[in-house]
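For reference, the structure is listed below as structure tokens.
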Amino acid sequence: MLLQPVMMTDHSDDDTDAGVLTKTKPKTKRPPRYKVLLLNDDYTPMEFVVMVLERFFGMTHAQAFEIMLTVHKKGVAVVGVFSHEIAETKVGQVMDFARRHQHPLQCTMEKEE
Ligand code: TYC
């Protein structure tokens, strides 16, 4: 009996196994988040802080009043957590708004964890 030659594909030299031989975890790190903090001071009017929280952080009047009181009593509070770009924008908006109204209100950001 005459056997026909069978063509086999050699996969040893192609890249179909890329990333399989080394069992390292795929890097799927989530981007870092940033806390935006509001700081207390003795001069900025309470109503102004409430307005800032409503205007730039989308809080209701009741939420804004509660957070303002937390800052007033504790000295600082996290008012939101955002991507680096959004956090930077919020801090800029608050600092600019406070400066334009000549209030010493301070807003900063810090990396979460
Ligand atoms: N301590 C201020 C006052 O008594 C009110 C205030 C609250 C100021 C929060 C800043 O982030 C602040 N008028």
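Residue 132 in this note's numbering sits at position 105 of the sequence shown; the count goes up by one each step and never skips. Note that beta-carbon positions come from the ideal geometry of N, C-alpha and C, so glycine has one too. No experiment lies behind these values; they were computed from the predicted model shown.
Chain-order list of residues whose beta-carbon lies under 7 Å from that of residue i (same chain, five-residue window excluded)
i           : result
residue 138 : 59 and 61
C-alpha distance - residue i paired with residue j, whole-angstrom precision
i           : j           : result
residue 119 : residue 50  : 44 Å
residue 133 : residue 65  : 6 Å
residue 52  : residue 109 : 27 Å
residue 57  : residue 140 : 13 Å
residue 126 : residue 71  : 11 Å
residue 38  : residue 54  : A caution first: residue 38 carries a pLDDT of 42, below 50, which makes its placement in the model too unreliable to give a value.
residue 103 : residue 68  : 10 Å
residue 115 : residue 121 : 10 Å
Residue i: CB within 7 Å of a non-hydrogen atom of ligand 1
i           : result
residue 80  : no
residue 98  : yes
residue 108 : no
residue 142 : No answer is possible for residue 142: it lies beyond the span of the chain, which begins at 28 and ends at 140.
Close Cβ partners of residue i (< 6 Å) along its chain, the five nearest in sequence each way excluded
i          : result
residue 80 : 86, 91 and 94
Beta carbon of residue i nearer than 8 Å to that of residue j
i           : j           : result
residue 111 : residue 73  : no
residue 105 : residue 76  : no
residue 124 : residue 107 : no
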